[in-house]
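Here the UniProt record's numbering is used: position 48 in the sequence shown is 48, and no number is missing along the way.
We put the beta carbon where it would ideally sit given N, CA and C, even for glycine.
In this text, all values refer to a predicted model and were calculated from it rather than measured experimentally.
Report on the structure given below.
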Amino acid sequence: MTEPFHLFPAHLQAPLPQAHPSQAQMQVRLALPQDRRQIRLLLRDYCHPNYHQTSRSRTWAYFGLGLALSVVLHGLLLTGSLQLLCLGLLGLGGLVLISWLRLRLFADWQHYWVMEREQRLIACSRLTCHHTYAVLSDVVVAADWRQLGVGSQLLSGITLPSDRPIYLACRSELVEFYQRFGFQPFCPKALTAYLRRELGLQDRQLNVLCRALSPKS
């Protein structure tokens, strides 16, 4: 899954409360295959916060499209164009299958870390490790768990590699937050074109940060 990186909204920068009653029940771990759906929902709700408000209009749009297709297929059946009817059904079935696979398989889950509480994922982050560097992205906290320091706890629980630099892209107001985790501003002109695309630097409002190699590496 390739998305422009908009890490950690400002409301995730709140310090972690000292006596939150449910912290002991939280677990930071690597994602498992069964986490795919919940990760996808976390990312969807973050990127499209009004998704549920627009779902009704989308439903009606799909209904209209389905009705139009039904009319076309019925017309082909009446005219005896059986071959065209079969081809139309085959093409429609292929589109449905592709859409289902795209939504359900979510093959990128292996790169994610998640925070779990009572079998529900309340936060996630993507850490993609390449041969000479790593990229941190998609740091997302569920809406009802924001402003509780969950984002900070998630980052603290992720095993970040120390044998290669780690890059991320964020907005200016988040630079100070990431500096607490050892990240420092980095000149984007020093990056390869591939890495710039991976970081989503088409958005000129994003800043590049880098956590350099550990002194022991």
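- Going by C-alpha positions, residue 139 is about 22 angstroms away from residue 131.
- Secondary structure of residue 161 (DSSP, three-state): coil.
- In the three-state scheme derived from DSSP, where H, G and I count as helix and E and B as strand, residue 173 is classed as helix.
- Here the C-alpha atom of residue 196 lies approximately 33 angstroms from the C-alpha atom of residue 120.
- In the three-state reduction of the DSSP assignment, residue 196 falls in the helix class.
- Counting C-beta pairs closer than 8 angstroms gives three or more between the stretch 149 to 163 and the stretch 123 to 130, which meets the contact rule.
- Residue 211: member of the beta strand (DSSP E) spanning 207 to 211, first to last residue.
- Assignment of residue 180 by DSSP, reduced to helix, strand and coil, places it in the coil class.
- Going by C-alpha positions, residue 111 is about 8 angstroms away from residue 31.
- DSSP places residue 41 in the uninterrupted alpha helix (DSSP H) bounded by 36 to 47.
- The shortest C-alpha to C-alpha distance from residue 146 to any of 25, 46, 27, 33 is the one to 46.
- Around the CB of residue 213, fewer than 16 other CB atoms lie within 10 Å, so the residue is classed as exposed.
- Here the alpha carbon of residue 108 sits roughly 21 angstroms from the alpha carbon of residue 165.
- The three-state reading of DSSP puts residue 168 in strand, counting E and B together.
- A check of alpha carbon separations from residue 35 across 136, 114, 159, 151 identifies 114 as the nearest.
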